[in-house]
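Read through the structure below, which is laid out as structure tokens, and then see the notes.
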Amino acid sequence: GDLASKSDARSHDTMASEEEGVLEVRVDTYDVFAGAAFEGNQLAVFSGSAVPRLAASVMQALAKEMNYAESTFVFPVETTSDDDAAAAKGVIRARFRIFTSDKELPFAGHPTLGTAFHLFSAEDQDHEHTTTSATTCELRCAAGVVTVTRVDEALLWMRQLPPTIDEACVPAAEIAATLACPVDALAADDSPFAARVVSTGTPFLIAALTSLDALRDLKHPGKALSALCAAHEVVGVYCVVRGGRDETHTVSARSLVDESAVPEDPATGSACGCFAGWAVQCGWLDGSSTLDVVVGQGHEIKRPSLLHARAEKDAASGAIRIDVGGRVVPMLRGAQVRLPPSVVGAATGGAP
23 GDLASKSDAR
33 SHDTMASEEE
43 GVLEVRVDTY
53 DVFAGAAFEG
63 NQLAVFSGSA
73 VPRLAASVMQ
83 ALAKEMNYAE
93 STFVFPVETT
103 SDDDAAAAKG
113 VIRARFRIFT
123 SDKELPFAGH
133 PTLGTAFHLF
143 SAEDQDHEHT
153 TTSATTCELR
163 CAAGVVTVTR
173 VDEALLWMRQ
183 LPPTIDEACV
193 PAAEIAATLA
203 CPVDALAADD
213 SPFAARVVST
223 GTPFLIAALT
233 SLDALRDLKH
243 PGKALSALCA
253 AHEVVGVYCV
263 VRGGRDETHT
273 VSARSLVDES
283 AVPEDPATGS
293 ACGCFAGWAV
303 QCGWLDGSST
313 LDVVVGQGHE
323 IKRPSLLHAR
333 AEKDAASGAI
343 RIDVGGRVVP
353 MLRGAQVRLP
363 PSVVGAATGG
373 AP
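Counting from 23, one number per residue, gives the positions in the sequence shown under the working numbering.
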């Protein structure tokens, strides 16, 4: 049938490529945290048996070629007795690396969610443990192992790593000067909601604004943001405000990042997780130590996104549990990228 002919064609192409010294990798693209196609945050997922043979510089070049916020490179599943036992229980285990157009990241939210969706798909023939019955995916990135759970065909939840939250705030005046907004548009330094650096693997500056109009009026400040990010060792500023732009969400956010390809991110799962941890730590929503909200992001750049955020702070230990979820829409499926020896070179990449 069609599947057999596709498999035969893939095998023939792979053999021909190896004879010529050409490496082929598969690329699929997805819209993550999307309600429909052309919404959410774009992601390219590179997979196949050739991925471990790619040098980090080649991965970076491919990510630059895609020019999305991020691209991921999935390493073939290494079969062990533990993996066999996990697969029998409907668990997929894989390793992957995450690249923006400029650099590698230890963790990022929408690439993790989109990569898990990719592995859940039965179309991916390169991962033998991929089945439509699997409901859990354990993904190892440079920051650690992130567990993603599938609720239905498109809705996925990821359990983020425990947050680290700086005790000292970042002065509102410094942020206001960088973003060219009034200082009273930001929570005051003596407020429990003052801006702080938070990380669940990738650090962001979480800044609470006082109105939706202040959020809408923000402009990316270019080099000034780069200086702020460098000073506080973060990848961007995640600005949040209570209230939605419409009935689909109850918190509105914008993610201004220090990236040339995508200076404003349409959906930032890692930053949303940081926000959720910060919100239950400081009681941002009615003093509560629990959080269950839908965050709207990307509207100002015409890529509306919906990020589901849940968090809970344990009263006894103070530990914070964070889950971020969203829907994924497949776009481009199963394209092949051919890489000649002159591009690949002799070096090989490593898995996290």
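Ideal Cβ placement from N, Cα and C applies to all residues, glycine included.
On a predicted model such as this, the values are computed, not experimentally measured, just so you know.
Helix, strand or coil at residue i [DSSP, three-state]
{"i": "Pro-352", "result": "strand"}
{"i": "Ser-248", "result": "helix"}
{"i": "Lys-335", "result": "strand"}
{"i": "Pro-363", "result": "helix"}
{"i": "Pro-74", "result": "helix"}
{"i": "Gln-182", "result": "coil"}
{"i": "Val-205", "result": "helix"}
{"i": "His-242", "result": "coil"}
{"i": "Thr-222", "result": "coil"}
{"i": "Gly-43", "result": "coil"}
{"i": "Ser-27", "result": "Note on Ser-27: pLDDT 43, under 50, position unreliable in the model; the coordinate value appears next. Helix at Ser-27."}
{"i": "Ser-79", "result": "helix"}
{"i": "Asp-317", "result": "According to the sequence provided, residue 317 is Val. The question's Asp does not apply to it. Reduced to three states, the DSSP call for Val-317 is strand."}
{"i": "Gly-166", "result": "strand"}
{"i": "Asp-345", "result": "strand"}
{"i": "Glu-286", "result": "strand"}
{"i": "Ala-130", "result": "coil"}
{"i": "Ser-292", "result": "helix"}
{"i": "His-140", "result": "helix"}
{"i": "Ser-33", "result": "Low per-residue confidence applies at Ser-33: pLDDT is 47, beneath 50, and the placement is therefore not dependable enough to give any value."}
{"i": "Val-263", "result": "strand"}
{"i": "Leu-328", "result": "strand"}
{"i": "Ala-357", "result": "strand"}
{"i": "Ala-373", "result": "coil"}
{"i": "Leu-84", "result": "helix"}
{"i": "Phe-60", "result": "coil"}
Residue from the options whose Cα sits closest to the Cα of residue i
{"i": "Pro-352", "options": "Arg-343, Val-47, Ala-66, Val-99", "result": "Ala-66"}
{"i": "Thr-200", "options": "Asp-212, Asp-280, Val-73, Gly-136", "result": "Asp-280"}
{"i": "Asp-189", "options": "Pro-204, Gln-182, Ala-216", "result": "Note that residue 189 corresponds to Glu in the displayed sequence, not to Asp. Considering only alpha carbons, the answer is Ala-216."}
{"i": "Val-315", "options": "Ile-323, Lys-324, Val-302", "result": "Val-302"}
{"i": "Val-192", "options": "Leu-135, Phe-97, Asp-104, Tyr-260", "result": "Tyr-260"}
{"i": "Leu-45", "options": "Leu-361, Val-96, Asp-124", "result": "Leu-361"}
{"i": "Trp-306", "options": "Lys-111, Arg-218, Leu-141, His-140", "result": "Arg-218"}
{"i": "Lys-125", "options": "Ala-83, Leu-141, Arg-267, Ala-194", "result": "Ala-83"}
{"i": "Glu-322", "options": "Arg-117, Arg-48, Arg-238", "result": "Arg-238"}
{"i": "Leu-234", "options": "Val-220, Cys-251, Val-257, Cys-203", "result": "Cys-203"}
{"i": "Ser-292", "options": "His-132, Phe-118, Arg-276, Val-263", "result": "His-132"}
{"i": "Leu-177", "options": "Ala-164, Ala-341, Gly-320, Phe-142", "result": "Phe-142"}
{"i": "Leu-329", "options": "Lys-335, Gly-266, Val-359", "result": "Gly-266"}
{"i": "Lys-89", "options": "Ser-310, Gly-309, Asp-336, Gln-64", "result": "First, the amino acid is wrong: residue 89 is Asn here, not Lys. For Asn-89, the nearest C-alpha among the options comes from Gln-64."}
{"i": "Ala-198", "options": "Thr-270, Gln-182, Leu-250", "result": "Leu-250"}
{"i": "Gly-70", "options": "Asp-336, Lys-335, Ala-357", "result": "Ala-357"}
{"i": "Val-173", "options": "Phe-139, Val-205, Cys-163, Asp-206", "result": "Phe-139"}
{"i": "Leu-127", "options": "Ala-91, Ala-156, Gly-43", "result": "Ala-91"}
{"i": "Gly-309", "options": "Val-220, Ser-213, Gly-347, Ala-252", "result": "Ser-213"}
{"i": "Ala-331", "options": "Thr-290, Lys-324, Glu-87, Gly-340", "result": "Thr-290"}
{"i": "Ala-207", "options": "Leu-183, Ile-187, Asp-104, Ala-236", "result": "Ala-236"}
{"i": "Val-346", "options": "Arg-162, Gly-43, Gln-182", "result": "Gln-182"}
{"i": "Ala-59", "options": "Val-99, Val-359, Lys-324, Arg-162", "result": "Lys-324"}
{"i": "Gln-319", "options": "Ala-156, Glu-286, Ile-187, Val-359", "result": "Glu-286"}
{"i": "Cys-304", "options": "Ala-252, Val-220, Gly-244, Gly-372", "result": "Val-220"}
{"i": "Lys-111", "options": "Val-73, Ser-155, Phe-68", "result": "Ser-155"}
{"i": "Ala-341", "options": "Gly-372, Phe-68, Ile-187, Ala-252", "result": "Ile-187"}
{"i": "Val-99", "options": "Val-73, Glu-87, Ser-79", "result": "Val-73"}
Whole-number beta carbon distance between residue j and residue i, since they are thought to touch under 8 Å
{"i": "Val-167", "j": "Glu-175", "result": "Not a contact, Cβ separation roughly 24 Å."}
{"i": "Phe-297", "j": "Thr-224", "result": "Not a contact, Cβ separation roughly 13 Å."}
{"i": "Gly-57", "j": "Pro-288", "result": "Between Pro-288 and Gly-57 the Cβ distance is about 12 Å, and since that is not below 8 Å, they are no contact."}
{"i": "Ser-123", "j": "Ser-274", "result": "That belief does not hold up - the Cβ atoms of Ser-123 and Ser-274 are roughly 26 Å apart, past 8 Å."}
{"i": "Arg-119", "j": "Met-81", "result": "6 Å"}
{"i": "Pro-374", "j": "Ala-164", "result": "4 Å"}
{"i": "Ala-85", "j": "Phe-121", "result": "4 Å"}
Contact check, residue i vs residue j, beta carbons under 7 Å
{"i": "Thr-158", "j": "Val-113", "result": "yes"}
{"i": "Met-180", "j": "Leu-247", "result": "no"}
{"i": "Pro-185", "j": "Thr-222", "result": "yes"}
{"i": "Thr-94", "j": "Thr-137", "result": "yes"}
{"i": "Val-350", "j": "Val-54", "result": "yes"}
{"i": "Ala-333", "j": "Gly-299", "result": "yes"}
{"i": "Ala-209", "j": "Ala-230", "result": "yes"}
{"i": "Ile-228", "j": "Gly-295", "result": "no"}
{"i": "Ala-242", "j": "Leu-278", "result": "Reading off the sequence shown, one finds His at residue 242, where the question assumed Ala. Against a cut-off of 7 Å, the Cβ pair of Leu-278 and His-242 comes out as a contact."}
{"i": "Phe-226", "j": "Val-256", "result": "yes"}
{"i": "Phe-97", "j": "Arg-75", "result": "no"}
{"i": "Leu-240", "j": "Arg-276", "result": "yes"}
{"i": "His-271", "j": "Val-317", "result": "yes"}
{"i": "Ser-364", "j": "Lys-335", "result": "no"}
{"i": "Cys-355", "j": "Asp-104", "result": "The question names Cys, but residue 355 in the sequence shown is Arg. Contact flag unset, no."}
CB contact check: residue i to chain B, cutoff 7 Å
{"i": "Cys-163", "result": "Protein chains in the displayed structure number just one, and chain B is not present."}
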